[in-house]
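To keep things clear, I will list the structure first and then write my remarks on it.
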Amino acid sequence: MNKRMNKNAFCHIQCLARKVSGAHNGGVLNGNVLIRQASHCTFGDAQEFFTDDLWRTLPRSWQEALDGLNPPELATQLLGMPGEGEVVRYRSVWPLSLLALKSTACALAFTRTPGFQTPSEFLENPSQSSRLTAPFRKHVRPKKQHEIRRLGELVKKLSDLTGCTQVVDIGSGQGHLSRFMSLGLGLMVKSIEGDQRLVERAQRLDQELLQALEKEEKRHPQAVHAGPRHSPHHVVRWVEPTALCEELLLPLETLPQSGARLLLTGLHACGDLSVALLRHFSCPEVVALASVGCCYMKLSDPGGYPLSQWVAGLPGCELPYRLREGACHALEEYAKRLQKAGPGLRTHCYRAALETVIRGARPELRRPGVQGIPRVHELKIEELPC
Ligand SMILES: C[S@@+](CC[C@H](N)C(=O)[O-])C[C@H]1O[C@@H](n2cnc3c(N)ncnc32)[C@H](O)[C@@H]1O
């Protein structure tokens with residue numbers, strides 16, 4: 001039991017250390033010393049606590065402070081997230097290094113307190129943006145409706161300001177943003193997407209929207225719209241993060257004299273795709289960039305990270321997958337799980353025990369990758385899948 005509790009403590013130090021590392025490598029350097037101190041606990045999975053006896057790798061003073069704390073105490077003391085009405089009581093004086101790790105992780109974490117509650121466009125109906133007309137909402141979830149409207153309107157402003165002739169939507173997926181920018185805001189849009197099936201679906205949705213808009217026009221002939229409608233021009237192309245893509249820079253129309261002025265955009269341009277966007281921004285024909293990145297853990301290292309030569313020159317600038325992935329986790333999710341102290345926490349122990357048995361029989365299987373079964377603790381033995 002004690003060992004299980006220590007495992008929770010260890011995992012949450014890992015989580016804190018990864019937070020510090022992620023923020024540090026994002027450009028904040030204060031955590032440097034701490035990262036080195038805590039780096040021994042940033043490279044393990046939960047079950048490796050048992051299989052590799054990772055608890056021993058913690059400084060003795062940290063072990064003494066954390067030994068035997070139960071899950072809710074860990075949420076309160078280590079993550080600094082007490083349950084409602086709970087008073088924080090430390091059993092002993094913690095070593096400064098551990099306190100420093102905790103404070104640095106909190107100071108460097110991005111705030112997740114929203115600046116507003118519900119966007120005004122969803123006050124009347126939580127699933128339909130009041131700022132998009134019905135045809136543009138069809139097949140689009142509320143979150144995406146909000147995103148395409150906000151980013152689309154920003155791109156339109158930026159396009160007007162920079163005298164841009166064409167927008168390139170990179171990693172356009174099913175084309176919701178492209179469709180809104182072209183058929184809703186009157187922009188010339190090229191959409192580049194690596195997955196052919198998504199492009200085919202995007203083209204079907206374009207047709208559907210065009211028909212809906214035409215129908216609406218017939219019903220309300222007095223309503224004027226901005227000018228000729230251009231559907232997005234879809235291209236199936238995988239954009240390499242390290243090389244310039246000619247197709248991306250090729251204008252849709254041959255323009256006289258001043259030539260094409262491109263605006264690059266990407267909504268949820270995951271991992272290296274955001275890097276590709278930034279690389280193309282250095283080309284003379286690209287005049288503006290509006291990118292919303294995501295899945296930072298998918299950045300390749302080296303290649304996608306670091307882009308900055310300055311960061312590349314810093315000692316210890318490496319950012320392995322586990323650190324990037326850990327930096328994307330939300331501490332409050334861990335705190336919730338610990339506060340609940342549900343039986344699900346035990347699953348890690350069972351998986352570790354099984355891995356230990358497998359490794360005993362097959363030592364060459366260093367990471368047998370035992371997968372958990374959802375709600376396994378609620379199943380009877382005879383209900384377990386073979
Ligand atoms: C997270 S999705 C976002 C889709 C769309 N922009 C949206 O917000 O609905 C990322 C998309 O980028 C595409 N993608 C990722 N890397 C790419 C690359 N290197 N070249 C082309 N497409 C890529 C994926 O196939 C996927 O459809």
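Numbering (UniProt numbering), first residue to last: 1 to 386. Every residue, glycine too, gets a C-beta built ideally from N, C-alpha and C.
Assigned secondary structure, residue i (DSSP; H/G/I helix, E/B strand, else coil)
i	result
Cys164	coil
Lys138	coil
Leu263	strand
Cys349	helix
His230	coil
Leu289	strand
Gly152	helix
Gln339	helix
residue 388	Outside the displayed range of the chain (1 to 386) lies residue 388, so it cannot be described from this structure.
Tyr90	coil
Tyr321	helix
Leu54	helix
Gln145	helix
Ser129	coil
Glu240	coil
Leu123	coil
Thr118	coil
Gly80	coil
Leu299	coil
Leu158	helix
Gly304	coil
Limits of the alpha helix (DSSP H) - the one that residue i falls within
i	result
Ala105	Leu96 to Leu108
His233	Unbroken run through His233 is the beta strand (DSSP E), His233 to Val236; no alpha helix (DSSP H).
Lys215	Gln196 to Arg219
Leu252	First-last for Leu252: undefined, no H or E at that position.
Ala312	Gln309 to Ala312
Ser274	Asp272 to His280
Leu379	First-last for Leu379: undefined, no H or E at that position.
Arg179	His176 to Arg179
Thr113	Taken as a continuous stretch (DSSP letters only), Thr113 belongs to no alpha helix (DSSP H), as it is neither H nor E.
Trp62	Arg60 to Leu66
Gln77	Pro71 to Gln77
Thr51	Glu48 to Thr51
Cut-off 8 Å between Cβ atoms - residues of its own chain near residue i, not counting five sequence neighbours on either side
i	result
Val292	Glu147, Leu151, Gly266, Leu267, His268 and Ala269
Phe122	Gln128, Ser129, Ser130, Pro142 and His146
Arg149	Glu121, Ser129, Arg131, Leu132 and Phe180
Glu247	Ile192, Val235 and Arg237
Those residues which DSSP pairs with residue i across a bridge
i	result
Ala330	Paired residue(s): none; Ala330 is not in a bridge.
Gly186	DSSP, once it has assigned bridges, lists no residue as partnering Gly186.
Asp169	Ser191 and Thr265
Cys294	Cys270
Cβ shell of residue i (< 7 Å), same chain only, five flanking positions each side left out
i	result
Asp206	Gly175, Arg179, Ser231 and Pro232
Pro119	His146
Gln77	Leu69, Val88 and Tyr90
Leu79	His12, Leu331, Tyr334 and Ala335
Nonlocal neighbours in the same chain, by C-beta distance under 6 Å from residue i, ignoring five residues either side
i	result
Tyr93	Contrary to the premise, residue 93 reads as Val rather than Tyr in this sequence. Same-chain partners within the cutoff: there are none.
Ala212	Pro135
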